[in-house]
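Engineer: In case it helps, this note's numbering puts the sequence shown at residues 188 to 653. C-beta atoms are modelled at their ideal positions from N, C-alpha and C, and glycine is treated no differently. Note that the coordinates shown come from a computational prediction; the quantities given were computed from them, not determined experimentally.
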Amino acid sequence: MPGVRPLAVRLTRRGRAVVRTALTGVSHPIPAPPSEGSGAASDAAPPALTTSCDLAWVERDYATSAAFAREVLALHPADAEATARLHRAVTAPAEYRSPTDPRHPVLAHVAFFVTGQGNFGDIALPLAVRAAFERSAGPLEWSPVHAHHVVDDEVVERINATSGLVVGGGGLILPDTAPNGSSGWQWNATVEALRRITVPIALHAVGFNLFRGQRIDHPRFRDHIVALAERSEVLGFRNTGSVERVRDLLPERLRDRVRLSPCPTTVLCRLVDLPAAPPAEVPRVLLNMAFDRAERRFGSGYPAFLDQMADAAGQMRRRGWEVAYAAHLPVDERFVHDLERAHGLHLEVERLYAGSVDDAYRTYRGAAAVVGMRGHATMIPFGLGVPVVSLVSHDKMWFFLDDIGHRDWGLEVGDPDLAARLLELVADRVAHADRYRADTALAQDGLLREVDARAGELLAAVRPAR
């Protein structure tokens, strides 16, 4: 209406706090931004502005979200998170467009879509999910829905105008990436909204992604998972560990509906045309670390881990191998800085988050071995046929390695003999590349059967193209 300001601007200080508490699910109100004309130079202003920016964004009020991000940047021009939020707000309207080709079936797709310099795994994953369905169905049209956006009447109507809904993949069962008051996990849909969706629903390659020592206390979480199990045609989780944990949440009558649905990134070489691997004069080993929730990954053991990795990387170089670093996020480059500061060891950085997906695949395909801590820093190179070693700081990696029958391909980050054992595993991959590539291809055969089966179950239930 003319003269009416957006919600996040026109609410009172107390009103904004109440709405933020309801929509984000935090346990206590966050102070509202300063009122207009009051000045915003206090130390407490940026966190409040950031919260309001996020609130506007989950409501798809992109203009207001961008305005709050610009206020933060006016106070702190070098704030990288505010820059990312501004990019997210100004690019979102172009990201979500209506389907364009009436000849193809249309599927709605709920996922954690990232923009800008987001996590490379989350950039590649939605593309792999779609490729898995199109492998069976041929060309499809996709109507994206960001998992963190509030599922209101408009979103429900858009989903119901399609032939079916795919939710996933990725580690969406996680309480703290985007807290909300709707579900207790990352999909911001209430049970009531879920029940108004009339098209077939498939969870595809979703991960029960809790870190060690983490739990979900949200009062609506279990009810939401039960309602989703009752409503979905396919309830697919990306590893057996996730399957077991979700089954534990459900009544006996629904437990058998939960099925294994491997992450399609693990079979990438069967789904997409891949760029040629770059030539390598010497074996190249790529390292990857993860620093989100570092306290849960390392506890107090990070200095010892850094020492072990410096020892391993130094020995790899003395063997004549090239050692480089594959960063999935800017924050992951902390390892490179720490390694150089503490041990004088410099690593070339491949910033996978900053280039194209094909460029990142080409980088991984050129490696003799990949040593990855992030889930997708194991699953993506594995899916490209590259020998891997997983540095385990999250149980999801043991779940994946157990599913492919290769628990011997992983090492705990706190292993006191990490350097020696890692060097042994990498050396064996360099020396016997053909054997490891054959073992990888054999493991992919079993994963691909499950990927195809879960996609086929939804496609059998979808409505005809309109």
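Could you check whether the segment 518-534 touches the segment 614-623, counting it as contact only if at least three pairs of C-beta atoms, one from each stretch, sit closer than 8 Å?
Structural biologist: Result no; under three Cβ-Cβ pairs closer than 8 Å.
Engineer: Can you say whether P449 is buried or exposed, counting buried as having 16 or more other CB atoms within 10 angstroms of its CB?
Structural biologist: P449 comes out buried.
Engineer: Which of the three DSSP states is assigned to L578 in this structure?
Structural biologist: Here L578 sits in strand by DSSP.
Engineer: In the DSSP assignment, the beta strand (DSSP E) including G559 goes from what residue to what residue?
Structural biologist: Per DSSP, G559 belongs to the beta strand (DSSP E) from 556-559.
Engineer: Rank T302, N396, H530, A497 by C-alpha distance to the C-alpha of F587 and give the top, closest one.
Structural biologist: Of the listed residues, the one whose Cα sits closest to F587 is N396.
Engineer: On the DSSP bridge list, what partners appear for S330?
Structural biologist: Per DSSP, A295.
Engineer: List in chain order: all unbroken alpha helix (DSSP H) runs of 4+ residues lying wholly within the segment 389-424.
Structural biologist: Whole alpha helix (DSSP H) segments, 4+ residues: 408-418.
Engineer: Return the residue from the list I412, P406, G633, I388 that minimises the CA-CA distance to P664.
Structural biologist: Nothing can be reported for residue 664: it is not among the residues displayed for the chain, which extend from 188 to 653.
Engineer: Are there three or more Cβ pairs, one per stretch, closer than 8 Å when the segment 404-413 is compared with the segment 561-574?
Structural biologist: At 8 Å Cβ cutoff, the stretches do not touch.
Engineer: Which whole-angstrom value describes the C-beta separation of A311 and H563, a residue pair presumed to lie in contact below a C-beta threshold of 8 Å?
Structural biologist: That pair is a contact at about 7 Å.
Engineer: Less than 6 Å between C-beta atoms, sequence neighbours within five positions excluded: which residues of the same chain meet that for R480?
Structural biologist: So the qualifying residues of the chain are F398.
Engineer: Grab the span of the alpha helix (DSSP H) containing I310 for me, first residue to last.
Structural biologist: Counting along the chain, the alpha helix (DSSP H) containing I310 begins and ends at 307-324.
Engineer: Just reading off the alpha helix (DSSP H) that R480 is part of, what are its end residues?
Structural biologist: No alpha helix (DSSP H) contains R480, which DSSP labels as neither H nor E.
Engineer: Does DSSP put R471 in a helix, in a strand, or in coil?
Structural biologist: In the structure shown, R471 sits in a strand (DSSP, three-state: E or B).
Engineer: In the structure shown, what three-state DSSP assignment does I591 receive?
Structural biologist: Three-state DSSP puts I591 in coil, outside helix and strand.
Engineer: Are M560 and N475 touching if we call contact CB-CB under 9 Å?
Structural biologist: A contact, by the Cβ cut-off of 9 Å.
Engineer: S543: buried (16+ other C-beta within 10 angstroms of its C-beta) or exposed?
Structural biologist: Classification of S543: exposed, given that the 10 Å Cβ count is below 16.
Engineer: Of all the options T550, Y512, T427, which has the alpha carbon lying nearest to the alpha carbon of R536?
Structural biologist: Reading the sequence as shown, one finds Val at residue 536 and not Arg. Taking only the C-alpha atoms, the option nearest V536 is Y512.
Engineer: Using the C-alpha atoms, what's the distance from D546 back to Q502?
Structural biologist: Each residue's Cα considered, the two are about 28 Å apart.
Engineer: Rounded to a whole number of angstroms, what is the C-alpha to C-alpha distance between L664 and L534?
Structural biologist: Here the chain comprises residues numbered 188 to 653, so residue 664 is not present and cannot be evaluated.
Engineer: Measuring alpha carbon to alpha carbon, tell me which of F569, A348, A500 ends up nearest G531.
Structural biologist: Comparing Cα positions, the closest option is A500.
Engineer: Counting pairs of beta carbons, one from the segment 330-344 and one from the segment 364-384, are three or more of them closer than 8 Å?
Structural biologist: Segments in contact, yes.
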